[in-house]
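S.K.: Would you mind keeping the following structure in view while I ask a few things?
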Amino acid sequence: MTGDRPLGLVLLEMALLVLLGPLVTGVIQKMKARLQCREGAGVLQPYRDLIKLLRKGTVQADTVSGFFQSIPVLVLAATVAAGALVPVVRVGPPAFPLGDALMLLGLLALARFLTAIGALDAGGAFGGMGASREMTIAPLVEPVLMMVVFSTALTAGTTELGALAAHRGTSWIVAWRAADFLGFAAMLVLLPAETGRIPVDNPDTHLELTMLHEGMLIEHSGPGLGCMLLATHMRQIVTLGLVAALFFPALPADSAGTTGLLLGAGAFAVKILVLALYLALVESSYAKLRLFRVPQYLGVGFVCALTALALRIL
Amino acid sequence: MSAETVHTIIDDLGALLLFTMILIIAAAQIYRAIYAVAAQSLFIAIAGAVLAMATGNVDLWVIAGITLAVKAMVLPWVLHRVVQRMNVRREVEPVIPVGATLALAVLIVVVSFQLSASLGQVRQAITGNALPVGIALTLTGVLAMATQKTALTQMVGLFASENGIFFTAMSVTQGMPLIIEIGVILDVILAALVMAIMVLRVRSTVDADIAELARLRG
Numbered sequence: 000m001t002g003d004r005p006l007g008l009v010l011l012e013m014a015l016l017v018l019l020g021p022l023v024t025g026v027i028q029k030m031k032a033r034l035q036c037r038e039g040a041g042v043l044q045p046y047r048d049l050i051k052l053l054r055k056g057t058v059q060a061d062t063v064s065g066f067f068q069s070i071p072v073l074v075l076a077a078t079v080a081a082g083a084l085v086p087v088v089r090v091g092p093p094a095f096p097l098g099d100a101l102m103l104l105g106l107l108a109l110a111r112f113l114t115a116i117g118a119l120d121a122g123g124a125f126g127g128m129g130a131s132r133e134m135t136i137a138p139l140v141e142p143v144l145m146m147v148v149f150s151t152a153l154t155a156g157t158t159e160l161g162a163l164a165a166h167r168g169t170s171w172i173v174a175w176r177a178a179d180f181l182g183f184a185a186m187l188v189l190l191p192a193e194t195g196r197i198p199v200d201n202p203d204t205h206l207e208l209t210m211l212h213e214g215m216l217i218e219h220s221g222p223g224l225g226c227m228l229l230a231t232h233m234r235q236i237v238t239l240g241l242v243a244a245l246f247f248p249a250l251p252a253d254s255a256g257t258t259g260l261l262l263g264a265g266a267f268a269v270k271i272l273v274l275a276l277y278l279a280l281v282e283s284s285y286a287k288l289r290l291f292r293v294p295q296y297l298g299v300g301f302v303c304a305l306t307a308l309a310l311r312i313l
Numbered sequence: 000m001s002a003e004t005v006h007t008i009i010d011d012l013g014a015l016l017l018f019t020m021i022l023i024i025a026a027a028q029i030y031r032a033i034y035a036v037a038a039q040s041l042f043i044a045i046a047g048a049v050l051a052m053a054t055g056n057v058d059l060w061v062i063a064g065i066t067l068a069v070k071a072m073v074l075p076w077v078l079h080r081v082v083q084r085m086n087v088r089r090e091v092e093p094v095i096p097v098g099a100t101l102a103l104a105v106l107i108v109v110v111s112f113q114l115s116a117s118l119g120q121v122r123q124a125i126t127g128n129a130l131p132v133g134i135a136l137t138l139t140g141v142l143a144m145a146t147q148k149t150a151l152t153q154m155v156g157l158f159a160s161e162n163g164i165f166f167t168a169m170s171v172t173q174g175m176p177l178i179i180e181i182g183v184i185l186d187v188i189l190a191a192l193v194m195a196i197m198v199l200r201v202r203s204t205v206d207a208d209i210a211e212l213a214r215l216r217g
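Residue numbers (numbering that gives the first Met the number 0), protein chains in the order written: chain A, 0 to 313; chain B, 0 to 217.
Listed below in structure tokens is the structure:
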């Protein structure tokens, strides 16, 4: 089987995503701080947090089962595996059977499921509440993400992200069809939900009333918490990479050689930065929604995605 | 501009119009609905300009200009003033849950596409999705009117529905006669003014809104 992305390149892209994941969070936090007229921590702060956590010891509740220990590793593994499916420096189908966008969404859902299981396992009230909320939101987000993927995949004839991005080609809004606008709108609505940000979730707070994702991490400590945080950063950059692959222009697959790769990496960085700026702007200008208003907010995304599909099919 | 380009641009504008319509239906605050309907009118004006460029019809330029001035600027401004004058709560009050309204909107979109497919060959100026999108916009505007309790949000729904009719007319007929279009626009302005004054008057004399008038029997 021939393809544009050999195994080495896929592994390199995966490593890049793991390394850059915390940086994206740092950049978003920095932009948020500047938008709110604060100085803010440096963009490298998430790395420092991770290093600090990895050095610390672990404290656990007495009630946890043996499975609890392995949860952070499993979550991180699932999220990193999802990272392998996102095209970063070069588009085009991989040289070996890898998996497609559905696999990616499935792996992210698996990570989410494991996180919720871990939170319930510890038996804390916060964890249980966070898990139940996360599991209430997730079934509203995941099908809509799939519909957006389908609405783009219909024209490309494949759900493999590399090939999808290659089909998208180098042109941008000029080549967008009507359904792409609605699909992108749906994606913009969903993006804060999927990355766990305002107006759906608040990543900065540990107040029990407001949190979804953080509530589930509260029983983890030390290296385990480090793994969970790294998985969160990873999930964020993977989601942004998915949007970039679906909707933003890609370099042609034949731009081989080191310059091509560097150019691809630069283009990817720009796309991620633009999306990060969007997230920071939304986070700074909106208040967190009440939990019961979230389905209404996500409903907008659902209707947009469904209309995009209707425009494609009907 | 080639016919293909025009076709694509009108399709894209149709998608944006549908998106603003979804925003109007889902708006939790009345200001957002007003901004969304202003944006929608702006897109309608752009569509008119594109069609004018494509067909070389001077009337369409005039209509695009009037739409931009009246519907995208003056009417939202009037609505904005009324909201400020009334000092209302900014939350909108739907009759049925917004989720149900959104589901109905999806149904309407699908039905409009089926409907225009079953119409067979329609002699359209612009082929493509313009006709079903126009029908969907009109019906969703009616839906927005039907599911709101306050007069102001019903006005927003009326303008949105009016936009849908405009879009359908433009895309199907290469531009209606200028006199008709101007007549329709004057109608809308007059309706808006009358409704704005009525809303303020009703508010100031009996302090009630449309929903409470259901109990009023002669």
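Heads up, the beta-carbon is just placed ideally off N, CA and C, and yes, glycines get one too. Given the structure is predicted, the values throughout are model-derived calculations rather than measurements.
#1: When you compare the CB of T154 (chain A) with every CB in chain B, is at least one pair closer than 8 Å?
#2: Under the three-state reduction of DSSP, which class applies to R214 (chain B): helix, strand or coil?
#3: Report the residue from B:G156, B:A37 and B:G13 whose alpha carbon sits nearest the alpha carbon of A46 (chain B).
#4: What are the start and end residues of the alpha helix (DSSP H) that includes P138 (chain A)?
#5: Let me check one thing: in DSSP terms, what residues is P93 (chain A) bridge-paired to?
#6: Hey, would you say I27 (chain A) sits closer than 8 Å to A279 (chain A), going by beta carbons?
#7: Looking at the structure shown, is A2 (chain B) part of a helix, part of a strand, or coil, going by DSSP?
#8: At the 8 Å Cβ level, is T306 (chain A) part of the contact set with chain B, yes or no?
#9: Helix, strand or coil for Q147 (chain B), going by three-state DSSP, please let me know.
#10: Check for me: the alpha helix (DSSP H) holding D58 (chain B) runs from which residue to which?
#11: Quick check: is the beta carbon of A311 (chain A) nearer than 8 Å to any beta carbon in chain B?
#12: Compute the Euclidean distance between the alpha carbons of A192 (chain A) and T54 (chain B), then round it to the nearest angstrom.
#13: Would DSSP call Y296 (chain A) helix, strand or coil?
#14: Report all residues from its chain with a CB closer than 6 Å to the CB of T238 (chain A); omit the five preceding and five following residues, and keep chain order.
#15: Just by C-beta distance, which residues in the stretch 183-212 of chain A are closer than 7 Å to chain B?
#16: Answer with buried or exposed for V289 (chain B), where buried requires no fewer than 16 other C-beta atoms within 10 angstroms of its C-beta.
#17: Taking the CB atoms as reference points, tell me whether T78 (chain A) and A230 (chain A) lie closer together than 8 Å.
#18: Using alpha carbons as the reference points, say which of B:S40, B:V73 and B:P131 lies closest to E161 (chain B).
#19: So if I threshold CB-CB distances at 9 Å, which residues from the stretch 17-30 of chain B count as touching chain D?
#20: Quick one: what does DSSP say N162 (chain B) is sitting in, helix, strand or coil?
#21: Interface residues of chain B around C36 (chain A) at Cβ under 9 Å?
#22: Quick one: using the 10 Å Cβ neighbour count with 16 as the cut-off for buried, is L106 (chain B) buried or exposed?
#23: In whole angstroms, what separates the C-alpha of V17 (chain A) from that of L84 (chain A)?
#24: On the three-state DSSP scale, how would you describe M175 (chain B)?
#25: Tell me, to the nearest whole angstrom, how far the beta carbon of T71 (chain A) is from that of M227 (chain A); I am working on the premise that it is less than 8 Å.
M.R.: With the given structure in hand:
#1: Working through the first sequence from its first residue, we reach residue 154 (chain A) at position 155. Judged by the 8 Å Cβ criterion, T154 (chain A) is not in contact with chain B.
#2: Taking the first residue of the second sequence as 1, we reach residue 214 (chain B) at position 215. It is helical.
#3: In the second sequence, residue 46 (chain B) corresponds to position 47, counting from 1. Ranking the options by Cα distance to A46 (chain B), first place goes to B:G13.
#4: Within the first sequence, residue 138 (chain A) is the residue found at index 139, counting from 1. Note, P138 (chain A): alpha helix (DSSP H), A124 to A155.
#5: Residue numbering aside, residue 93 (chain A) sits at position 94 when the first sequence is read from its first letter. DSSP lists A:R4 as partners of P93 (chain A).
#6: Within the first sequence, numbered from 1, the residue matching residue 27 (chain A) stands at position 28. Within the first sequence, numbered from 1, the residue matching residue 279 (chain A) stands at position 280. Yes; because the gap between Cβ atoms is below 8 Å, this pair is in contact.
#7: Residue mapping note: residue 2 (chain B) aligns to position 3 of the second sequence, counting from 1. Here A2 (chain B) sits in helix by DSSP.
#8: Mapped onto the first sequence, residue 306 (chain A) falls at position 307. Yes - at least one Cβ of chain B is within 8 Å of the one on T306 (chain A).
#9: Against the second sequence, residue 147 (chain B) aligns to sequence position 148. Looking at Q147 (chain B) - three-state DSSP - the assignment turns out to be strand.
#10: In the second sequence, counting from the first residue as 1, residue 58 (chain B) sits at position 59. Its alpha helix (DSSP H) spans residues V57 to I65.
#11: Sequence index remark: in the first sequence, residue 311 (chain A) carries index 312 (1-based). Before going further, note that residue 311 (chain A) is Arg rather than Ala in the sequence given. R311 (chain A) does not count as touching chain B.
#12: Residue numbering aside, residue 192 (chain A) sits at position 193 when the first sequence is read from its first letter. Residue numbering aside, residue 54 (chain B) sits at position 55 when the second sequence is read from its first letter. Going by the C-alpha atoms only, they are around 44 Å apart.
#13: For the purposes of this step, residue 296 (chain A) is taken as residue 297 along the first sequence, with counting starting at 1. Residue state, collapsed to three classes: helix.
#14: On the first sequence, residue 238 (chain A) is found 239 positions in, with the first residue counted as 1. Answer for T238 (chain A): E193 and T194, listed in chain order.
#15: A184
#16: This structure gives no information on residue 289 (chain B), because the portion of chain B shown stretches from 0 to 217.
#17: Taking the first sequence and counting its residues from 1, one reaches residue 78 (chain A) at position 79. Taking the first sequence and counting its residues from 1, one reaches residue 230 (chain A) at position 231. Yes. Within cutoff.
#18: Reading the second sequence from its first residue, position 162 is the one you call residue 161 (chain B). Ranking B:S40, B:V73 and B:P131 by Cα distance to E161 (chain B) puts B:S40 first.
#19: No chain D is part of this structure, whose protein chains are labelled A and B.
#20: What you label residue 162 (chain B) is simply residue 163 of the second sequence in a count that begins at 1. In this structure, N162 (chain B) counts as helix in the three-state DSSP scheme.
#21: Here residue 36 (chain A) refers to the residue found at position 37 when the first sequence is read from its first residue. The contacting residues do not exist; C36 (chain A) stays about 25 Å from chain B at best.
#22: Here residue 106 (chain B) refers to the residue found at position 107 of the second sequence. Exposed: under 16 other Cβ atoms inside 10 Å.
#23: Against the first sequence, residue 17 (chain A) aligns to sequence position 18. Against the first sequence, residue 84 (chain A) aligns to sequence position 85. Cα to Cα, V17 (chain A) sits roughly 13 Å from L84 (chain A).
#24: As a working mapping, residue 175 (chain B) is identified with position 176 in the second sequence. Three-state DSSP puts M175 (chain B) in coil, outside helix and strand.
#25: As a working note, residue 71 (chain A) is residue 72 in the first sequence. As a working note, residue 227 (chain A) is residue 228 in the first sequence. Correcting the residue identity first, residue 71 (chain A) is Pro in this sequence and not Thr. Their Cβ separation, rounded to whole angstroms, is 5 Å, which keeps P71 (chain A) and M227 (chain A) in contact under 8 Å.
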